[in-house]
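S.K.:
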Amino acid sequence: MTDEWPELYGIRRSNLHPKDMWSRDTFPKAFSIALANHLGSNGVPLNYVVLDNRLSPRVDKMPLEDLYRCRKEDTPDAVFDFDVVNEAYTRMADGVPRSDLVVRNPRNTSVSCLMIRNSVIPDAVTHDFEDHLMGPEITGRTPLLKACALSVATSLWWQRRRALPMLEHGIPEDIDWSDWSTASQQIDAIIANFNLVETELSYAQNPFLLQTVWKSEKDGPFMADDAMDAFVLSDFAFSRLFLDRKKERSSASSDSGKKGRGIIRFYLMVTALLRDGHPDLDAIVDGTGYGVSTDKEFIANGRMTNRLMACDRLTRPAVSAMEVTMLGSYGFERMIMPDRRLDMSVYYAVRTLRG
Numbered sequence: 008m009t010d011e012w013p014e015l016y017g018i019r020r021s022n023l024h025p026k027d028m029w030s031r032d033t034f035p036k037a038f039s040i041a042l043a044n045h046l047g048s049n050g051v052p053l054n055y056v057v058l059d060n061r062l063s064p065r066v067d068k069m070p071l072e073d074l075y076r077c078r079k080e081d082t083p084d085a086v087f088d089f090d091v092v093n094e095a096y097t098r099m100a101d102g103v104p105r106s107d108l109v110v111r112n113p114r115n116t117s118v119s120c121l122m123i124r125n126s127v128i129p130d131a132v133t134h135d136f137e138d139h140l141m142g143p144e145i146t147g148r149t150p151l152l153k154a155c156a157l158s159v160a161t162s163l164w165w166q167r168r169r170a171l172p173m174l175e176h177g178i179p180e181d182i183d184w185s186d187w188s189t190a191s192q193q194i195d196a197i198i199a200n201f202n203l204v205e206t207e208l209s210y211a212q213n214p215f216l217l218q219t220v221w222k223s224e225k226d227g228p229f230m231a232d233d234a235m236d237a238f239v240l241s242d243f244a245f246s247r248l249f250l251d252r253k254k255e256r257s258s259a260s261s262d263s264g265k266k267g268r269g270i271i272r273f274y275l276m277v278t279a280l281l282r283d284g285h286p287d288l289d290a291i292v293d294g295t296g297y298g299v300s301t302d303k304e305f306i307a308n309g310r311m312t313n314r315l316m317a318c319d320r321l322t323r324p325a326v327s328a329m330e331v332t333m334l335g336s337y338g339f340e341r342m343i344m345p346d347r348r349l350d351m352s353v354y355y356a357v358r359t360l361r362g
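With my numbering, the residue at position 228 of the sequence shown is 235, and numbering never jumps.
In structure tokens form, the structure reads like this:
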């Protein structure tokens, strides 16, 4: 291949060479940004999932420049740095995870950072549901939990004298957080305290996660005609995916214990960050393993995400399959051709030849 690599929509300046956009790890993130750029350049706002002051989710509209925190005229020249550490977070803590994207304006100033995920709709749980009840699956691993804690702490920073007492209310100071049988007794109080903070300070939430969805046919891998769309979840809204749980009383080896572990870790990280003690997030994670070896903190199935994201554009995504073909320059499909496998080849032959 020549040095002329296909490019993705609106990504003119980046820390990556164009050929690196097509790696298995980077392509889903870069393609999500191309989708957002396409929507923005066509005057279509992104879907912004926020919480109101009653803790109820609401889907608002967000212009692309608000997501990138750039002036509209600067957006075409924004710099997209993938898989880098947000320097602002390193001033808050050690053990900071890489952000999926840090956006710099044309003056080389970092103006926003995002985590990025993409999921198919319907997922396995909502496969047989009516279209308006379908949703994507979102898996939260430890780095994503850390990133959410950093974002929430940043959002609450100027209200920390009010937020921190609310978060710590009713929780003893001498808890041995490394002991599951003791720590798990505080989960209900932690959830109640976060409920109060996110209700009283709902105005403080900020964009956190760019969640792109692609819609497939129910019984096959091919894209539906209403193919893709982009949702932005605020940090408060994202936290509901693991805070909206029933009481956690199960052992550490169970799935409920794993979910409860994530809630405890999130609480310890946010409160440590708000105390301005420059905590080591890795130390918090290492001290709260509770015998669970996986880094999965939670899995939110489509039924749960639908409660947050339900709107017309989740049912009927705004970007058509034809428009998806325009998110990369000529020949980009060669860069993402799936590996040749017998099952894929047989499936494709049957679908195309038998109809």
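We treat Cβ as the ideally placed atom computed from N, Cα and C, and that holds for glycine. These figures come from a predicted structure and were not determined experimentally.
Can you give me the start and stop residues for the alpha helix (DSSP H) that A244 sits inside?
M.R.: A244 -> alpha helix (DSSP H) spans 242 to 250.
S.K.: Which of the three DSSP states is assigned to L321 in this structure?
M.R.: Looking at L321 - three-state DSSP - the assignment turns out to be helix.
S.K.: Kindly provide the ranges of any beta strand (DSSP E) runs that are 3 or more residues long and lie completely inside the segment 216 to 245, ordered along the chain.
M.R.: For the segment 216 to 245, whole beta strand (DSSP E) runs of length 3 or above, ordered along the chain, are 230 to 241.
S.K.: Rounded to a whole number of angstroms, what is the C-alpha to C-alpha distance between R323 and D233?
M.R.: About 6 Å.
S.K.: At the level of alpha carbons, what is the spacing between T206 and M344?
M.R.: One C-alpha to the other measures close to 46 Å.
S.K.: State the CB to CB distance for the pair S90 and D107, rounded to an integer number of angstroms; the pair is presumed to be in contact (CB under 8 Å).
M.R.: The question names Ser, but residue 90 in the sequence shown is Asp. D90 to D107, Cβ: 7 Å. Contact.
S.K.: Provide the residue span of the alpha helix (DSSP H) that contains M333, from first to last.
M.R.: Segment: none, M333 is in no alpha helix (DSSP H) and carries neither H nor E.
S.K.: Using three-state DSSP, classify S263 as helix, strand or coil.
M.R.: Its pLDDT being 49, under 50, S263 is placed unreliably in this model, and the coordinates cannot settle the point.
S.K.: Would DSSP call D293 helix, strand or coil?
M.R.: If DSSP states are grouped into helix, strand and coil, D293 belongs with the helices.
S.K.: So the candidates are I145, L281, M69, L216; which of them puts its Cα closest to the Cα of F243?
M.R.: Looking at the Cα atoms, L216 is the closest of the given residues.
S.K.: Look at the alpha carbon of D226 and the alpha carbon of R347, and state the distance between them as a whole number of angstroms.
M.R.: Their Cα atoms are separated by approximately 21 Å.
S.K.: Quick one: Cα of I197 to Cα of R167, how far?
M.R.: Cα to Cα, I197 sits roughly 16 Å from R167.
S.K.: Can you give me the C-alpha to C-alpha distance between S261 and I271, rounded to a whole angstrom?
M.R.: Residue placement at S261 is poorly supported in this model, since its pLDDT is 49, which falls under 50; the coordinates are not used for a value here.
S.K.: Distance, Cα to Cα, T301 vs R361?
M.R.: Rounded to whole angstroms, T301 to R361 spans 43 Å at the Cα level.
S.K.: Could you tell me which whole alpha helix (DSSP H) segments of length 4 or greater appear in the segment 128 to 172?
M.R.: Taking only runs of at least 4 residues, the alpha helix (DSSP H) segments lying wholly in the segment 128 to 172 are 149 to 163.
S.K.: How many angstroms separate the CA atom of D130 from the CA atom of I145?
M.R.: Using only the alpha carbons, I get a separation of about 10 Å.
S.K.: Between which two residues does the beta strand (DSSP E) holding S106 run?
M.R.: Here the beta strand (DSSP E) through S106 covers 106 to 111.
S.K.: Of the choices D287, C120, G267, whose alpha-carbon is the least far from that of M276?
M.R.: Of D287, C120, G267, the residue nearest in Cα terms is D287.
S.K.: At which residues does the alpha helix (DSSP H) containing A356 begin and terminate?
M.R.: Note, A356: alpha helix (DSSP H), 349 to 361.
S.K.: Out of V109, G309, S246, N202, point me to the one whose CA is closest to D138's CA.
M.R.: The candidate whose alpha carbon is nearest that of D138 is G309.
S.K.: Among all the DSSP beta bridges, which residues are the ones paired with F87?
M.R.: According to DSSP, F87 bridges with S21, V110.
S.K.: Taking all protein chains shown into account, decide if S30 is buried (16 or more other Cβ within 10 angstroms of its Cβ) or exposed.
M.R.: Exposed: under 16 other Cβ atoms inside 10 Å.
S.K.: According to DSSP, is M316 helix, strand or coil?
M.R.: M316: helix per DSSP, three-state reduction.
S.K.: Please state the DSSP three-state secondary structure of V92.
M.R.: Three-state DSSP puts V92 in coil, outside helix and strand.
S.K.: Cα-Cα, which of T161, T97, R320, H285 is closest to S2?
M.R.: In this structure the chain extends from 8 to 362, so residue 2 is not present and cannot be described.
S.K.: Let me check understanding here. Comparing Cα to Cα, which of R114, T116, M235, R341 lies closest to S126?
M.R.: The residue with the shortest Cα to Cα distance from S126 is M235.
S.K.: Where does Y446 sit, in a helix, a strand or coil, going by DSSP?
M.R.: The structure shown does not extend to residue 446, since the chain is modelled only from 8 to 362, so the question has no answer here.
S.K.: Quick check: what's the CA-CA separation for V132 versus N313?
M.R.: Rounded to the nearest angstrom, the two C-alpha atoms are 11 Å apart.
S.K.: From the DSSP output, read off the bridge partner residues of V66.
M.R.: Answer is V56.
S.K.: Is the beta carbon of V118 sitting closer than 8 Å to the one on C155?
M.R.: Contact flag unset, no.
S.K.: Taking the beta carbon of W165 as the centre, do at least 16 other beta carbons fall within 10 Å, making it buried, or is it exposed?
M.R.: It is exposed - the Cβ of W165 has fewer than 16 other Cβ atoms within 10 Å.
S.K.: At which residues does the beta strand (DSSP E) containing A190 begin and terminate?
M.R.: That residue, A190, is in no beta strand (DSSP E); its alpha helix (DSSP H) goes 187 to 190.
S.K.: Rounded to the nearest angstrom, what separates S336 and K26 at their Cα positions?
M.R.: So the two alpha carbons sit approximately 13 Å from each other.
S.K.: So is F201 buried or exposed if we call it buried at 16+ other beta carbons inside 10 Å?
M.R.: Label assigned to F201: buried.
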